[in-house]
Amino acid sequence: MGVSSKLGNLGIVTTTVEQAVNHARVGAMWPLLFGLACCAIEYMSSQASSYDLSRFGMELNRATPRQADLLIVSGRLTRKMAPVVRQLYDQMAEPKWVISMGDCASCGGVYNNYAIVQGVDEIIPVDVYVAGCPPRPEQLLHGILTLHEKVKGERIADWA
Amino acid sequence: MEFPAARDPVSALRDVFGEALLHVKEFRGETTIVVDAERTAEVLDFLRVTSGLVYNMLSDVSAVDYFPNDYGDAFDGEESDFRPERFGVSYHILSMLYNRRLRVKAFAAAEDPRLPTATVVWPAANWLEREIADMMGIVFEGHADQRRLLMPEDWYGHPHRRDYPLGKETVAFSFNVDEIHQHKPFARD
Amino acid sequence: MAVAEQTQSIEEQRSWEGSLDQLRGLVSERAITGETMLLNMGPHHPSTHGVLRLLLELDGEQIVSCLPDIGFLHTGIEKSLEDKSYEKALPLTDRMDYLSPMSNNMAYAAAVEKLLDLDVPERGQIIRVVCLELARCASHLVWLGTHAIDMGAMSVLLYAFRERERILGMFEMLSGQRMMSSYIRPGGVWRDVPDDFLPTIKQFLDDFPYKVDDYEALLTKNPIWKDRAQGVGVIEPDVALAYGMTGPALRGSGVNWDLRKAQPYCGYETYDFNVPLGEHGDVYDRYLIRIHEFRESMKILNQAVSRLETVKGPYRSQNHKYCPPLRSELGQSMEAVIHHFKLWTYGYDAPDEEIYSAIESPRGEIGCYIHGTGGNKPRRVHFKTPSFIHISALPVVAKGYLLADMVAIIGSVDIVLGDCDR
């Protein structure tokens with residue numbers, strides 16, 4: 001192992017609690033298995049062979065919101081679906097994060113009309129917005145890495 | 161296997177229904193037959209079961225709203241402008257045997273639009289008519305399920321009518337950005 | 350929040366959730382008395398292929414009745430189309446059936462061409478056929494991966510998406526976008542194929558048949574797959590016709606109806622291919638049909654690619670009232686500048702008539718009804734989409750099978766909720 005060879009036989013690492021917690025949170029952030037529209041297909045692509053999200057500790061999609069840390073709102077959010085997404089978000093256990101994937105989820109996109117909620121941030125808090133219609137898997141990966149950076153800088157006191 | 165020869169749907173309908181056949185139009189090789197609204201289901205059933213016609217499949221049901229043009233009872237006489245009422249409902253039917261399509265059209269009044277349902281002829285009409293009832297507000301009499309299909313149950317109005325606003329959100333400029341941010345309370349930095 | 354308050358708020362929530370009385374007449378009387386169980390499946394469920402909600406009435410594990418609830422992805426596309434000129438409306442149609450955007454483009458473009466009486470040059474037709482068949486393969490690959498994952502075979506998804514990435518790469522080469530390409534436009538296609546497209550697609554056509562063999566090796570004779578798929582979700586031919594089902598769901602029941610053969614468009618009548626048919630109409634037959642459609646698409650693609658090498662000429666209509674002139678002409682011709690300006694500001698007028706035109710998408714007949722106004726915007730656009738029809742038939746198809754079969758049935762009729770709700 002890389003770490004132990006640097007440490008010798010001491011087996012001790014000094015760090016802060018925050019860093020350790022954030023490291024654990026970043027290392028295994030489990031997304032909710034949830035897709036809305038076109039972006040969900042690109043989300044599937046980024047989990048499949050060519051892009052392989054499991055490199056970032058995200059290979060496990062949880063089908064239940066109780067076990068998920070990350071909600072990727074992938075696609076257009078309609079007025080009929082909005083209460084459902086809000087309920088899913090409420091059911092997720094803290095700490096939880098939200099990525100708004102694609103233009104439709106971020107701001108309504110090309111659908112500026114009666115049926116679409118103009119941005120998912122009207123109903124739930126969003127941490128990272130990913131632009132694109134639909135975003136390429138690389139863009140989603142970049143969004144996830146941006147979220148990781150954000151989580152690494154979080155302070156436990158803020159969660160209390 | 162021998163099939164009976166194909167018959168002309170217009171003349172066949174004229175023989176049986178006569179006065180109920182209001183108008184016939186050809187455009188780009190498509191035939192549109194306008195029939196009396198109350199007898200739509202009868203006409204469709206006739207077209208489905210009669211040998212030589214056998215329109216065995218319902219492809220689509222679509223409704224159109226002629227809202228800004230108030231045609232009323234009289235129409236202006238031009239061939240292409242036969243629109244006695246506000247709403248038009250088209251049944252696109254397909255005969256797989258003779259490989260041809262036909263459009264049967266009926267009109268419904270602006271006030272309290274009603275048409276007989278075609279679900280007795282094709283079960284496929286069930287959802288297609290429910291969609292129109294939801295989006296256009298045309299009541300299909302005799303339809304077993306009168307709930308909304310696409311919009312939420314508590315939605316007000318019928319979105320696909322021409323007098324229903326598209327519901328645009330204003331574009332954010334520097335002078336109105338605060339106003340727009342007010343209904344995005346959850347946008348984190 | 351105190352416990353008492355919390356309990357009270359939960360009670361309040363329950364009080365507005367409504368009662369079973371609303372469902373009277375839709376489910377059987379046994380559900381009202383509590384003899385059978387009502388189970389809500391979706392809209393967030395991993396195997397409903399999107400945001401479909403099913404209200405299932407169960408007698409033990411057996412499905413007594415099924416009430417689909419759609420509209421969770423109703424986007425108002427048809428209404429938005431009324432607000433745009435014909436050319437500008439095209440990108441919205443991509444996002445209906447997001448697994449095969451090319452077919453949506455084609456359905457819309459074919460309808461507009463019929464309304465305008467516009468002809469497409471031969472090279473444009475060939476490029477369209479290439480795109481449509483590639484889209485069919487891409488769509489079936491997603492279906493294969495997700496259907497297999499629903500039935501418990503995890504690894505097929507990884508194989509299927511590997512090939513799909515190559516097809517998306519080709520779409521990107523053509524149009525600059527992986528999925529929402531907006532490449533097929535009224536009057537032809539957006540631009541000619543780039544130089545390195547032909548070698549890429551030839552390489553793909555060489556490889557892909559062996560990949561299809563790989564998928565078959567994983568699934569076709571797999572006893573678990575057969576147990577779960579054979580004899581499940583049987584659709585009788587007369588039921589399929591009465592409910593207006595099309596595509597592989599209809600052909601699985603043995604009805605020979607493919608719009609590419611019956612009412613050819615894009616010159617499909619000049620290609621040599623077969624239409625695979627099923628016998629039993631069950632999940633397994635629909636699986637086999639799609640696998641065979643891969644091979645038939647390969648046949649068409651091989652012919653189309655060889656024609657692409659020989660047939661040269663314009664790739665979109667030269668009628669500049671409806672199709673923009675080449676960019677290079679703008680510097681030399683005043684007329685071209687006028688056409689360009691008129692097209693991209695106002696668009697073009699279409700007659701105040703109604704037309705219906707249908708094509709065969711990977712899921713079935715996708716029809717487009719356009720009623721013009723005489724101006725540059727349509728009065729009404731309506732899409733007849735195969736997923737909508739197939740979901741409306743789910744209650745009949747699923748009746749009597751087990752709850753676990755429901756997942757297999759939903760997967761096998763291949764629904765896309767964006768296609769259904771529009």
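Chains as they are written, first to last, in our numbering: chain A, 1 to 160; chain B, 161 to 349; chain C, 350 to 771. Just so it is clear, CB atoms sit at the ideal spot from N, CA and C, and this is done for glycine as well.
Discussion item. Tell me which residues of the region 194-227 of chain B have at least one Cβ-Cβ distance to chain C shorter than 8 angstroms, keeping chain order.
Written reply: Asn216, Met217, Leu218, Ser219, Asp220, Ser222, Ala223, Val224, Asp225, Tyr226
Worksheet item: methionine 755 of chain C lies in the alpha helix (DSSP H); which residues open and close that run?
Response: 752-762 is the extent of the alpha helix (DSSP H) around methionine 755 of chain C.
Worksheet item: Hey, alanine 699 of chain C and leucine 465 of chain C are a contact pair by Cβ (cut 8 angstroms); roughly how many whole angstroms apart?
Response: 6 angstroms
Discussion item. Can you confirm whether the region 195-204 of chain B touches the region 572-592 of chain C when touching is taken to mean that 3 or more C-beta pairs between the two stretches lie within less than 8 angstroms?
Written reply: no
Worksheet item: Does any C-beta atom of chain C lie closer than 7 angstroms to the C-beta of alanine 48 of chain A?
Response: yes
Fill in: valine 491 of chain C: contacting residues in chain A (beta-carbon distance under 7 angstroms)
The answer, in chain order, is Ile41.
Fill in: Minimum Cβ-Cβ distance from glycine 525 of chain C to chain A less than 7 angstroms
No, its Cβ sits nowhere closer than 7 angstroms to a Cβ of chain A.
Discussion item. Can you tell me which residues form a DSSP beta bridge with proline 735 of chain C?
Written reply: The partner list for proline 735 of chain C (beta bridge, DSSP) is empty, contrary to what the question assumes.
Fill in: Under 7 angstroms (Cβ pairs) to chain C, residues found in the region 65-89 of chain A
Taking 7 angstroms as the Cβ-Cβ cut-off against chain C, the residues of the region 65-89 of chain A that qualify are Arg76, Thr78, Lys80, Met81, Val84, Leu88.
Worksheet entry | Listed by chain order, chain A residues near leucine 326 of chain B by CB distance under 7 angstroms | Correct list: Asn113, Tyr114.
Fill in: leucine 506 of chain C classed as buried or exposed, judged by whether at least 16 other C-beta atoms fall within 10 angstroms
buried
Discussion item. Using beta carbons (cut-off 7 angstroms, strictly below), is alanine 284 of chain B in contact with chain C?
Written reply: yes
Practice prompt. List the endpoints of the continuous beta strand (DSSP E) containing lysine 265 of chain B.
Written response: Membership of lysine 265 of chain B in the beta strand (DSSP E) is indicated by the continuous run 260-268.
Discussion item. Taking the alpha-carbon of leucine 140 of chain A as reference, which of A:Lys150, A:Val128, A:Val151, A:Glu149 has the nearest alpha-carbon?
Written reply: A:Val128
Worksheet entry | Proximal residues of chain C, C-beta to C-beta of cysteine 38 of chain A below 8 angstroms | Arg444, Tyr447, Met528, Met529, Gly767
Item to complete: Return the Cβ separation of glycine 297 of chain B and arginine 321 of chain B in integer angstroms, given the expectation that the two are a contact with Cβ distance under 8 angstroms.
Response: A Cβ-Cβ distance of about 7 angstroms is found for the pair glycine 297 of chain B and arginine 321 of chain B, placing them in contact under the 8 angstroms criterion.
Discussion item. When you compare the region 20-36 of chain A with the region 51-60 of chain A, are there three or more beta-carbon pairs, one atom per stretch, that lie closer than 8 angstroms?
Written reply: yes
Discussion item. Let me confirm a value: histidine 489 of chain C is counted as buried when at least 16 other C-beta atoms fall within 10 Å, else exposed. Which label applies?
Written reply: buried
Practice prompt. Pick out the complete alpha helix (DSSP H) segments inside the region 47-96 of chain A, 4 residues or longer, and give them in chain order.
Written response: Taking only runs of at least 4 residues, the alpha helix (DSSP H) segments lying wholly in the region 47-96 of chain A are 82-91.
Discussion item. Excluding the 5 residues flanking aspartate 418 of chain C on each side, which residues of the same chain have their C-beta closer than 6 angstroms to its C-beta?
Written reply: Arg402
Worksheet item: Leaving out five residues before and five after isoleucine 253 of chain B in sequence, what residues of the same chain have Cβ atoms less than 8 angstroms from its Cβ?
Response: Leu204, Leu207, Arg208, Tyr215, Met217, Leu218, Ser219, Arg261, Leu262, Arg263, Val264
Worksheet item: Is the shortest distance between the beta-carbon of methionine 350 of chain C and the beta-carbons of chain B less than 7 angstroms?
Response: For methionine 350 of chain C, the predicted model reports a pLDDT of 46, less than 50, meaning its position is unreliable; a value from the coordinates is still stated below. Answer no: the Cβ-Cβ gap between methionine 350 of chain C and chain B never drops below 7 angstroms.
Worksheet item: Is the shortest distance between the beta-carbon of proline 319 of chain B and the beta-carbons of chain A less than 7 angstroms?
Response: yes
Worksheet entry | Pairwise C-alpha distance: leucine 213 of chain B and asparagine 259 of chain B | 10 angstroms
Worksheet item: DSSP on arginine 577 of chain C, reduced to helix/strand/coil?
Response: Look at arginine 577 of chain C here: in three-state DSSP terms it is helix.
Worksheet entry | chain A contacts from the region 403-427 of chain C (Cβ-Cβ distance under 8 angstroms) | Residues of the region 403-427 of chain C with a Cβ closer than 8 angstroms to any Cβ of chain A, in chain order: Gly420, Phe421, Leu422, His423, Thr424, Gly425, Ile426.
Item to complete: Quick one: list the residues of chain A neighbouring leucine 312 of chain C, beta-carbon separation under 8 angstroms, in chain order.
Response: In the structure as shown, chain C starts at 350 and stops at 771, and residue 312 of chain C therefore has no counterpart that could be examined.
Item to complete: List in chain order: all unbroken alpha helix (DSSP H) runs of 4+ residues lying wholly within the region 102-139 of chain A.
Response: Complete alpha helix (DSSP H) runs here, min 4: 103-107.
Discussion item. In chain order, what are the residue ranges of uninterrupted beta strand (DSSP E) at least 3 long that sit wholly in the region 287-327 of chain B?
Written reply: Taking only runs of at least 3 residues, the beta strand (DSSP E) segments lying wholly in the region 287-327 of chain B are 299-301.
Practice prompt. Kindly confirm or deny that the region 681-690 of chain C and the region 385-400 of chain C touch, where touching means at least three C-beta pairs closer than 8 angstroms.
Written response: no
Worksheet entry | arginine 167 of chain B - DSSP class collapsed to helix/strand/coil | coil
Worksheet item: Taking DSSP as the reference, what is the three-state secondary structure of leucine 663 of chain C?
Response: Reading the sequence as shown, one finds proline at residue 663 of chain C and not leucine. Proline 663 of chain C: coil per DSSP, three-state reduction.
Worksheet item: Under a Cβ-count criterion, where at least 16 other Cβ atoms within 10 Å of its own Cβ denotes burial, should arginine 348 of chain C be classed as buried or exposed?
Response: Here chain C comprises residues numbered 350 to 771, so residue 348 of chain C is not present and cannot be evaluated.
Discussion item. Is it buried or exposed, phenylalanine 163 of chain B, if we count other Cβ atoms within 10 angstroms and call 16 or more buried?
Written reply: By the neighbour-count criterion, in which 16 or more other beta carbons inside 10 Å mark a residue as buried, phenylalanine 163 of chain B falls on the exposed side.
Item to complete: Answer yes if the region 655-663 of chain C comes into contact with the region 516-533 of chain C, meaning at least three C-beta pairs across the two stretches below 8 angstroms, and no otherwise.
Response: Not touching, per the Cβ criterion.
Discussion item. Cβ closer than 8 angstroms: which chain C residues qualify as neighbours of phenylalanine 34 of chain A?
Written reply: His393
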